[in-house]
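Numbering (our numbering), first residue to last: 1 to 159.
Only one structure is covered here, and it is reproduced in the block below.
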């Protein structure tokens, strides 16, 4: 039912791989501008979101321990000891996306038609509408931050 959105998510996941492949692990938590979201937070937040959003359609979240550092309203820190290493975060995000996609692919029309709970319910009244945003717009928004981070660090753009 969300085939197009899942295709976008898979594309954006590949784009994220390209965005981070030349970032040194030691730089993953650097903030070239005070308060700027760094790659460790961005990737961890995306993993946490995919994991949590799967619950809207019957998925079982596995990353509740990520809430403190990656949840809505969490504070980004330059302290690298608070975050898993680059390769671990990328693997966690890939796995969270696969679980999320599986949940979305098995969603019933009844699940997709339920009202969206939480602060985005007004913008996306049904779960189906919220998932369309989550699978595409949310990811794109944060990967745009990652692209801006690269430029602030003096790294080349990819597009």
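The C-beta atom is built at its ideal place from N, Cα and C for all residues, glycine as well.
This one's a predicted model, so the numbers in the text were calculated from it and none came from an experiment.
Contact under 7 Å by Cβ, residue i with residue j
| i | j | result |
| --- | --- | --- |
| residue 39 | residue 146 | yes |
| residue 66 | residue 48 | yes |
| residue 136 | residue 127 | no |
| residue 85 | residue 25 | yes |
| residue 76 | residue 37 | yes |
| residue 35 | residue 89 | no |
Nearest-angstrom beta carbon gap, residue j and residue i [assumed within contact, 8 Å]
| i | j | result |
| --- | --- | --- |
| residue 13 | residue 69 | Not confirmed; about 21 Å, so no contact. |
Nearest to residue i (by Cα), restricted to the options the options
| i | options | result |
| --- | --- | --- |
| residue 61 | 80, 85 and 96 | 96 |
| residue 143 | 10, 24 and 42 | 42 |
| residue 59 | 24, 73, 5 and 107 | 107 |
| residue 158 | 71, 99, 19 and 11 | 19 |
| residue 10 | 98, 73, 114 and 78 | 98 |
| residue 63 | 78, 57, 46 and 118 | 46 |
| residue 57 | 114, 72, 81 and 122 | 114 |
| residue 72 | 6, 119 and 129 | 119 |
Pairwise C-alpha distance: residue j and residue i
| i | j | result |
| --- | --- | --- |
| residue 21 | residue 138 | 21 Å |
| residue 15 | residue 110 | 33 Å |
| residue 141 | residue 149 | 13 Å |
| residue 2 | residue 17 | 23 Å |
| residue 134 | residue 112 | 13 Å |
| residue 125 | residue 74 | 25 Å |
| residue 122 | residue 4 | 23 Å |
| residue 23 | residue 78 | 15 Å |
| residue 160 | residue 6 | This structure gives no information on residue 160, because the portion of the chain shown stretches from 1 to 159. |
| residue 87 | residue 129 | 32 Å |
Legend entry - Inter-stretch contact (C-beta, 8 Å, three-pair minimum) for the region 100 to 113 and the region 51 to 61: The region 100 to 113, when compared against the region 51 to 61, does touch it at the 8 Å Cβ threshold.
Legend entry - Three-pair Cβ contact test at 8 Å for the region 136 to 156 versus the region 24 to 43: With three or more CB-CB distances shorter than 8 Å, the region 136 to 156 counts as touching the region 24 to 43.
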